[in-house]
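Worksheet: one structure, shown below.
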Amino acid sequence: MREITLGQYYPVRSVIHSLDPRAKLVLMIAYIVMIFFVDTFVGYGLVLLFLLLVIFLSKVPLGKVLKSLKMILFLVIFTVVMSVLFYNGNENDLLWGWGIIRIYSQGLINAGKMALRLIFLVLGPTILTFTTTPVQLTDALESLLKPLSYIKVPVHSLAMVMSIALRLIPTLVEETDKIQNAQKARCADFETGNIFKRAKAMLPVLIPLFVSSFRRADELADAMDSRCYRGAKGRTRMKKMHFRLRDAVSLLIFALFFFVILWLRYNFFPAFFDLSLLTWLV
Amino acid sequence: MSIIQLQDVYFTYNRASDSEVRAVNGVTLSINEGEFVAIVGHNGSGKSTLAKLMNGLITPDKGKVTVAGLDTANEKNLFDIRRNVGVVFQNPDNQMVATIIEDDVAFGPENIGMPSDQIRERVYESLKSVGMYDYREGTPHRLSGGQKQRVAIAGVLALRPRVMVLDESTSMLDPRGRADVMKVVNDLNKKEKMAVVMITHFMEEAVTADRIIVMNEGRIYMQGGKEIFKRQAELESIGLTVPLASRVANRLREKGVVIDEDVTTYEELVNKICPLE
């Protein structure tokens with residue numbers, strides 16, 4: 474059987490893992506908002522320190538976290554190259570010019586900040602998925618969106634759909650394998666030819682998979698009905714999410730950190746401590 | 053006292069279309085408290101339709117099904133009916149709701165709105181009685197078929213139904229998984245006094261039942277205790293295979309050997325043959 478990892482959850486016990494998934498979800502969203510307020514290298518340095526601390530606490534190996542940056546590597550390089558090439562600065566800022574290619578030092582700085590912003594944006598959700606199972610995330614989402622159910626948004630049903638989808642992924646992957654093997658045994662060719670040919674070869678796999686998913690859905694619905702399922706009505710949960718002191722503390726720490734970031738940007742107390750005097754703060 | 057009662061029940065799939073299939077054709081039967089009933093029949097004999105009729109997943113076209121006095125045709129009764137009649141289906145993969153075993157077993161009790169500490173108690177108890185307690189924090193898709201099916205049984209047990217219906221629940225399992233599931237089911241029936249309706253096409257699984265109902269073409273073809281295994285020719289004519297031990301006993305009887313009691317298992321056969329001269 475093929476090994477299937479759902480998401481990229483890293484199963485260890487740590488402070489970060491044990492936080493209430495709702496708190497983590499809120500923190501992640503706040504973190505993303507915060508990144509857009511950072512505009513100095515000092516700010517990015519602070520965020521980096523903060524992230525390193527969180528990663529250390531989560532006991533997830535740093536290498537694993539950095540690996541997840543691979544998928545945005547191309548995007549980062551593309552962004553950097555483009556913003557360097559198309560930056561229009563003034564001529565005494567010019568570093569190097571050849572034909573129409575002109576590279577300005579300010580352009581390099583901007584590109585660097587843009588790259589950092591992208592990288593930090595990805596790292597937040599990455600740490601969340603390393604420390605929280607998909608099911609926890611679904612439950613957290615259901616709990617947080619609960620107020621919407623008062624305006625008739627089917628929050629419970631949506632969350633149930635999501636968690637069943639997660640539950641069925643390994644089953645469907647296994648079934649795809651089976652169908653593919655059955656067709657290979659009858660000389661179907663999935664490996665050679667260009668991408669269109671291979672996509673076409675997948676069609677006879679997808680159709681039986683599609684049909685059987687409907688049959689599965691039907692049987693699962695019967696099984697759920699038989700076990701007294703009637704939607705959110707009167708339903709309780711065995712595992713309740715608990716908002717504990719540690720969650721409150723981490724929210725508080727993050728709020729403080731967010732405040733520091735905002736201070737760096739807006740220089741709140743010029744009379745008390747004027748940040749604009751620190752000229753190295755670019 | 054009877055819990056489930058079917059009174060002259062008819063059911064047709066795809067009614068009023070070209071592909072009309074008459075699945076159940078005038079069946080009257082009742083399941084009593086604590087009883088172990090086996091319903092056997094060939095494919096298309098209507099036996100699985102009976103399972104769905106028993107907990108109101110489908111309602112009869114004609115006739116009446118009642119569970120603990122409640123009519124399955126009334127939608128308001130369905131919730132209470134399903135608390136009383138638990139169904140374990142054929143494919144274990146298609147009845148798991150959660151990605152973690154204990155969460156899956158908790159699904160039923162969660163639906164009936166139990167407080168969370170009581171749910172946990174019931175989940176542990178159910179998992180223990182099917183011998184799957186040690187796996188509670190694992191994921192179901194790593195288990196064997198027999199283990200998955202035992203988890204599915206635990207999921208039904210957690211609701212503490214009065215009747216458990218097993219709709220061909222062993223047909224996708226290997227012999228060992230089948231034996232494990234049968235042991236669990238027999239224990240539940242003997243120790244917990246839970247009524248069991250075992251729907252199967254393996255005659256071997258019917259031998260432990262108090263009562264065997266043989267279905268053919270939507271009708272009850274034969275009904276009784278172990279003595280029905282003597283009617284080998286009739287059973288074979290509707291595509292059912294009599295257990296090997298019974299077949300041997302029947303042949304010996306034909307040859308004039310006196311075997312008066314109903315023989316269905318190897319042990320019984322051995323015990324009957326060895327004292328003979």
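These protein sequences, in sequence, are chains P and C. The first sequence lines up with residues 474 to 755 when you count with my numbering. The second sequence lines up with residues 53 to 329 when you count with my numbering. Here a beta-carbon is modelled for each residue, glycine too, at the ideal position from N, C-alpha and C.
K712/P - DSSP class collapsed to helix/strand/coil: coil
Whole-angstrom distance between D650/P and I477/P, CA atom to CA atom: Because I477/P carries a pLDDT of 43, less than 50, the predicted location of this residue cannot be relied on, and the following value inherits that uncertainty. Going by the C-alpha atoms only, they are around 12 Å apart.
Endpoints, the beta strand (DSSP E) within which I91/C is located: F88 to G93
Interface residues of chain C facing L639/P [CB-CB closer than 9 Å]: T151
Partner residues on chain C for L631/P, Cβ-Cβ distance less than 9 Å: Neighbours of L631/P on chain C: none; closest Cβ ~16 Å, over 9 Å.
Length of the line joining the Cα atoms of L195/C and P144/C: 10 Å
Counterpart residues of T252/C in DSSP-defined beta bridges: V92/C
C-beta neighbour in chain P for G160/C, strict 7 Å: yes
Contact between the segment 64-76 of chain C and the segment 221-238 of chain C (3+ Cβ pairs under 8 Å): no
Segment contact, 8 Å Cβ cut-off, at least three pairs: the segment 90-97 of chain C with the segment 260-270 of chain C: yes
Backbone CA spacing between T151/C and L641/P [nearest angstrom]: 9 Å
Environment of C326/C [buried if 16+ CB atoms lie within 10 Å]: exposed
For A694/P, the three-state DSSP class (helix, strand or coil): helix
Rounded straight-line distance, which links the Cα of V733/P to that of F746/P: 13 Å
Buried/exposed call for R135/C, threshold 16 Cβ in 10 Å: buried
With 16 other Cβ atoms within 10 Å as the buried cut-off, status of I205/C: buried
Inter-residue spacing [alpha-carbon to alpha-carbon] between L479/P and P607/P: Its pLDDT being 49, under 50, L479/P is placed unreliably by the model, and nothing is read from it.
Opening and closing residue of the beta strand (DSSP E) in which G229/C lies: Note, G229/C: premise wrong, no beta strand (DSSP E); alpha helix (DSSP H) at P227 to K243.
Contact check, T316/C vs K282/C, beta carbons under 7 Å: no
Candidates L535/P, M675/P, T552/P and R700/P: closest to V149/C by CA position: R700/P
The ligand GTP heavy atom lying under 6 Å from the CB of R486/P: Looking at this structure, you won't find the ligand GTP or any other ligand, since it has none at all.
Close-in-space but distant-in-sequence residues of the same chain around A103/C (CB under 7 Å, 5 per side omitted): V139, V217, D219 and I251
Beta-carbon proximity of G108/C to L130/C, cut-off 7 Å: yes
Spatial distance of I508/P from S636/P (CA atoms): 30 Å
Coarse secondary structure for L614/P, derived from DSSP in three states: helix
Proximity test, Cβ basis, 7 Å: N107/C and chain P: yes
Three-state class that DSSP yields for Y560/P in the structure shown: coil
Completely contained beta strand (DSSP E) runs for the segment 63-120 of chain C, where each covers 3 or more residues: 73-84, 88-93 and 114-119
Residues in the segment 193-204 of chain C having any Cβ partner in chain B nearer than 7 Å: The displayed structure is made up of protein chains P and C, and chain B is not among them.
Inter-residue Cα distance where the pair is R299/C and Q284/C: 7 Å
Residue-level contact to chain P via CB, V236/C, 7 Å cutoff: no
Any C-beta of chain C under 7 Å from that of M711/P: yes
C-alpha gap between Y62/C and D493/P, whole angstroms: 53 Å
CB contact below 7 Å: D695/P versus chain C: yes
Coarse secondary structure for L328/C, derived from DSSP in three states: coil
Where Q142/C falls: helix, strand or coil (DSSP): coil
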